[in-house]
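What follows is a set of notes on a single structure, which appears directly below.
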Amino acid sequence: MARRKASGALLLVAMIFIGVPSAHATWTFTDHTAASGLDSVHGPPGSDGIAGPQTFAGGVAVGDYDADGWHDVYLVGGPEGGDGLFRNLGDGTFENVTASARLDRAEGRSTGPLFADINGDGWLDLVVHNIAEDPEESAIILYENLANGRFANATQGSGIVLDLDTAFAPAFADIDQDGDIDLFLSRWGSFGLQPPAGLLWRNEGDFRFTDISREAGFDYRDHPDVIGMDWSLTPTFADLNGDGYPDLLLTGEGGVRIFLNQGDGTFALQTPDVPAPIHATGSAVGDYDNDGRLDIFAAGVFDPDGISGGDPAVLTGNRLYRNEGGGVFTDTSLDAGVRDAGWAWSASSGDLNLDGYLDIYVVNGAGTLEDGEMWRRFVEDPARLFVADGAGGFAEQAELLGVADLGIGRGTVQFDFDRDGDLDILNQNSGAAAVIYRNDLEVSEHFLVLKLIGHGGNWEAVGARVAVTIGGVTQVREVRNGSSLTSAAPAEVHFGLGSASVVDELRVVWPDGAVSVFADVAADRHLVLRHPGPSFETCTAPGGSNLCSLGGKTRSPMECLMEMRILPTPPNDKRGGPGYRIDCQAGDPSCDADPDDPTSCSVDVALCLSNDDPRNFVCGPSQINRLRVRTPRLGSQREQDRLTRAFGLRLIGDGGAAMELVDGSPFEQLQPGLCSASERLTVPLRQRTSGVLRKSSTRLKIQAFSTDGRRDLDQLLIRCSPAD
9 MARRKASGAL
19 LLVAMIFIGV
29 PSAHATWTFT
39 DHTAASGLDS
49 VHGPPGSDGI
59 AGPQTFAGGV
69 AVGDYDADGW
79 HDVYLVGGPE
89 GGDGLFRNLG
99 DGTFENVTAS
109 ARLDRAEGRS
119 TGPLFADING
129 DGWLDLVVHN
139 IAEDPEESAI
149 ILYENLANGR
159 FANATQGSGI
169 VLDLDTAFAP
179 AFADIDQDGD
189 IDLFLSRWGS
199 FGLQPPAGLL
209 WRNEGDFRFT
219 DISREAGFDY
229 RDHPDVIGMD
239 WSLTPTFADL
249 NGDGYPDLLL
259 TGEGGVRIFL
269 NQGDGTFALQ
279 TPDVPAPIHA
289 TGSAVGDYDN
299 DGRLDIFAAG
309 VFDPDGISGG
319 DPAVLTGNRL
329 YRNEGGGVFT
339 DTSLDAGVRD
349 AGWAWSASSG
359 DLNLDGYLDI
369 YVVNGAGTLE
379 DGEMWRRFVE
389 DPARLFVADG
399 AGGFAEQAEL
409 LGVADLGIGR
419 GTVQFDFDRD
429 GDLDILNQNS
439 GAAAVIYRND
449 LEVSEHFLVL
459 KLIGHGGNWE
469 AVGARVAVTI
479 GGVTQVREVR
489 NGSSLTSAAP
499 AEVHFGLGSA
509 SVVDELRVVW
519 PDGAVSVFAD
529 VAADRHLVLR
539 HPGPSFETCT
549 APGGSNLCSL
559 GGKTRSPMEC
569 LMEMRILPTP
579 PNDKRGGPGY
589 RIDCQAGDPS
599 CDADPDDPTS
609 CSVDVALCLS
619 NDDPRNFVCG
629 PSQINRLRVR
639 TPRLGSQREQ
649 DRLTRAFGLR
659 LIGDGGAAME
669 LVDGSPFEQL
679 QPGLCSASER
689 LTVPLRQRTS
699 GVLRKSSTRL
709 KIQAFSTDGR
719 RDLDQLLIRC
729 SPAD
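Here the sequence shown is numbered in the numbering used here, starting from 9 and rising by one per residue.
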């Protein structure tokens with residue numbers, strides 16, 4: 009198929025009609041691996057035994073690292089494999105871009121990758137854990153996305169220093185609601201850390217973190233028998249008690265642990281008062297019964313015969329805990345029919361058949377036949393797909409639907425790689441090739457997908473809660489960064505809507521408590537919704553036609569398609585019209601929005617629709633169908649260009665696609681005479697080796713396209729000089 013543009017929005021809801029599934033009542037999955045180009049093979053896991061970290065390390069991360077609207081894939085390669093970054097080309101295939109992205113590593117033993125916008129610049133960075141075996145190796149690597157298709161190692165200087173130890177899997181959330189995302193690391197195999205360290209890291213900005221494990225209340229060890237040993241595996245942040253703060257679910261050798269966020273920077277351990285598998289590996293948190301509360305699925309080993317040598321009384325498989333509210337959870341595993349998944353590892357949940365209820369997929373497998381014939385059940389151990397029946401139960405249908413993967417599964421994610429509205433499945437297998445299953449759902453059911461764009465440092469709005477209501481039934485999802493054992497799906501939410509072609513109400517509760525509500529939202533679309541901001545600003549106050557008409561052609565008849573509003577306001581041009589060039593000395597309050605910083609010049613930029621300029625005729629947001637950052641160009645190696653392009657994409661959403669207003673949207677206020685909330689563009693002065701500051705400059709060009717074919721190109725040029 010032809011490559012499609014990314015979905016995006018400018019303080020609007022962007023809606024792309026992706027295609028409604030046909031009415032044929034069939035459902036199956038197709039092994040798409042050979043055709044996909046995902047030729048990653050996980051090397052032999054090593055010889056550290058069935059209980060060693062290399063044996064069950066692995067994983068896959070999915071995210072749109074190049075902001076083109078298509079989900080890309082990062083697969084770990086094992087000790088002898090080599091990791092791989094695969095760019096989604098939008099035609100059903102992926103291209104290996106590991107080398108050009110500068111992510112090719114000489115050493116292996118990677119595990120637990122995750123895409124996350126660590127510095128809040130609108131570009132997904134990458135976290136990769138490492139089974140460190142050498143004092144020179146780091147147990148975690150942070151890669152900064154340079155916004156030009158490349159990454160740079162930003163570990164040094166981040167403040168994250170881990171000893172010769174393991175870091176296994178990450179999860180991000182804004183635990184203190186300060187506007188950026190903080191990091192939790194599981195530390196399977198770490199020993200003797202007193203006081204406990206390296207678990208919870210507060211984001212200080214600019215890729216810098218501070219270890220706050222002990223002060224936040226994580227004074228514990230996870231192993232049930234070995235004092236001082238931490239065998240935690242899967243961290244998941246989710247608001248389990250509905251108070252607006254992200255709590256932490258942690259699975260591991262010690263079972264299932266819940267740490268409730270107290271809202272003051274600390275967490276309190278509240279383990280569910282229900283039986284838990286001692287070998288709790290992966291987890292999948294979701295509202296399985298559509299009651300508005302998040303339930304817990306914990307994967308575990310089903311070994312009632314004691315083949316593995318463990319205690320049969322506790323190796324009793326997976327657990328499904330129904331959230332009753334008030335911190336009470338009920339074990340519904342047996343009634344739900346999800347207990348047996350063999351030697352379960354990673355788990356994921358999603359509405360795979362679009363019927364309005366979450367399904368559960370589990371990959372598994374362990375041991376070798378060299379350990380004896382009794383291990384065959386754990387070696388030739390098919391993955392399980394538990395399909396919800398809508399009444400609290402599940403039916404296992406992996407073989408029937410074509411996803412009974414026989415690999416030794418370590419990581420799995422559900423994501424819509426072909427953007428046809430249904431979720432596909434990608435598995436990373438230990439010592440074997442990755443496998444991707446295309447969901448070939450052909451039914452009359454409908455879907456809705458939302459990507460949220462936050463503000464401040466939490467660009468992906470991690471922690472936002474989204475609810476859709478149809479006929480009195482409400483489904484709830486959370487935007488999550490880090491999902492299951494060693495694996496992470498994209499930070500977006502996906503809903504199956506059953507036979508409903510319209511959502512009665514769509515409600516978004518943003519991480520900072522802001523609420524967006526929409527009525528009568530049509531189905532079968534991918535929506536991009538941006539945080540509404542603190543308020544909409546007018547482009548007429550404090551006055552002057554220059555405020556809303558910056559940077560276009562002076563006598564153009566298209567000026568009102570989209571304009572920039574700049575504060576402090578630049579001077580008019582020689583014709584007396586709106587100017588687009590700012591020549592500023594750092595610290596000058598007449599042109600610098602942050603005069604207290606002598607090392608840079610800053611301006612606040614908003615995008616406006618204006619009809620107060622006599623050159624303009626009235627035009628509204630319905631006539632704008634696309635926005636594009638023209639300059640700086642993608643791929644520029646200049647540091648300031650990369651910063652300015654990231655700013656431009658942040659200002660317009662995530663890249664520009666078809667835009668349309670929803671009835672009841674707060675963005676209906678964005679009409680001629682009003683502007684979006686402002687974003688700040690900063691131009692740092694360059695610095696010589698001697699420390700002397702030098703002049704710096706940047707240029708931003710944004711083009712608006714109307715439904716009738718008109719175009720409007722607006723620009724801003726800033727030249728920043730050191731103060732005299």
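Just so you know, even glycine gets a beta-carbon here, dropped at the ideal spot from N, CA and C.
Residue i in three-state terms, based on DSSP
{"i": "Arg636", "result": "strand"}
{"i": "Asp72", "result": "coil"}
{"i": "Asp39", "result": "strand"}
{"i": "Gly559", "result": "The pLDDT assigned to Gly559 is 40, lower than 50, so where the model puts this residue is not dependable; a value taken from the coordinates is nonetheless given after this. In this structure, Gly559 counts as coil in the three-state DSSP scheme."}
{"i": "Thr34", "result": "strand"}
{"i": "Trp209", "result": "strand"}
{"i": "Ile183", "result": "coil"}
{"i": "Glu388", "result": "coil"}
{"i": "Arg650", "result": "helix"}
{"i": "Phe159", "result": "strand"}
{"i": "Ser341", "result": "helix"}
{"i": "Arg658", "result": "helix"}
{"i": "Thr63", "result": "helix"}
{"i": "Ser714", "result": "strand"}
{"i": "Pro730", "result": "coil"}
Residue i versus residue j: straight-line alpha-carbon distance, rounded
{"i": "Ser495", "j": "Asp596", "result": "49 Å"}
{"i": "Leu657", "j": "Pro640", "result": "11 Å"}
{"i": "Phe337", "j": "Ser316", "result": "29 Å"}
{"i": "Asp389", "j": "Leu414", "result": "6 Å"}
{"i": "Ala497", "j": "Leu659", "result": "25 Å"}
{"i": "Asp359", "j": "Val501", "result": "11 Å"}
{"i": "Gly398", "j": "Ser492", "result": "24 Å"}
{"i": "Ala440", "j": "Val136", "result": "20 Å"}
{"i": "Asn528", "j": "Phe176", "result": "Just to set this straight, residue 528 is Asp in the shown sequence, not Asn. Whole-angstrom Cα-Cα distance: 43 Å."}
{"i": "Leu83", "j": "Asp311", "result": "30 Å"}
{"i": "Thr63", "j": "Arg347", "result": "24 Å"}
{"i": "Arg301", "j": "Leu256", "result": "15 Å"}
{"i": "Glu404", "j": "Thr340", "result": "16 Å"}
{"i": "Tyr445", "j": "Phe503", "result": "19 Å"}
Chain-order list of residues whose beta-carbon lies under 7 Å from that of residue i (same chain, five-residue window excluded)
{"i": "Thr690", "result": "Ser608 and Ser610"}
{"i": "Ala224", "result": "Leu208, Gly273, Thr274 and Phe275"}
{"i": "Asp125", "result": "Trp131, Leu132, Asp133, Trp467 and Glu468"}
{"i": "Ile183", "result": "Asp190, Pro254 and Asn269"}
{"i": "Phe217", "result": "Ser166, Gly167, Ile168, Leu191, Trp209, Arg210 and Asn211"}
{"i": "Leu458", "result": "Val474, Glu500, Val501, Leu535 and Leu537"}
{"i": "Ala109", "result": "Leu93, Gly157, Arg158 and Phe159"}
Buried versus exposed call for residue i [16 or more other C-beta atoms within 10 Å across all chains shown]
{"i": "Ser598", "result": "exposed"}
{"i": "Arg327", "result": "buried"}
{"i": "Ala352", "result": "buried"}
{"i": "Pro519", "result": "buried"}
{"i": "Asn127", "result": "buried"}
{"i": "Gly490", "result": "buried"}
{"i": "Pro243", "result": "buried"}
{"i": "Ser698", "result": "exposed"}
{"i": "Ala731", "result": "exposed"}
{"i": "Glu571", "result": "buried"}
{"i": "Val421", "result": "buried"}
{"i": "Ser509", "result": "exposed"}
{"i": "Pro579", "result": "exposed"}
Whole-number beta carbon distance between residue j and residue i, since they are thought to touch under 8 Å
{"i": "Leu191", "j": "Gly206", "result": "With 8 Å as the limit, Leu191 and Gly206 do not qualify as a contact, their Cβ atoms being about 10 Å apart."}
{"i": "Trp35", "j": "Leu575", "result": "Not a contact, Cβ separation roughly 54 Å."}
{"i": "Phe37", "j": "Tyr73", "result": "Between Tyr73 and Phe37 the Cβ distance is about 26 Å, and since that is not below 8 Å, they are no contact."}
{"i": "Gly465", "j": "Val487", "result": "So it is not a contact: roughly 15 Å between Cβ atoms."}
{"i": "Gly350", "j": "Phe386", "result": "6 Å"}
Residues near residue i by beta carbon distance below 6 Å, same chain, minus five either side
{"i": "Pro603", "result": "Gly595 and Pro597"}
{"i": "Tyr253", "result": "Asn269 and Gly271"}
{"i": "Gly325", "result": "Gly308, Phe310, Arg347 and Asp348"}
Residues near residue i in its chain [Cβ-Cβ closer than 8 Å; skip 5 each side]
{"i": "Leu505", "result": "Leu362, Gly364, Glu453, His454, Phe455, Leu456, Val476, Ile478, Val511 and Ala531"}
{"i": "Thr101", "result": "Ala43, Ser44 and Gly45"}
{"i": "Gln645", "result": "Asn156"}
{"i": "Gly85", "result": "Ser48, Val49, His50, Gly51, Asp91, Gly92, Gly116 and Ser118"}
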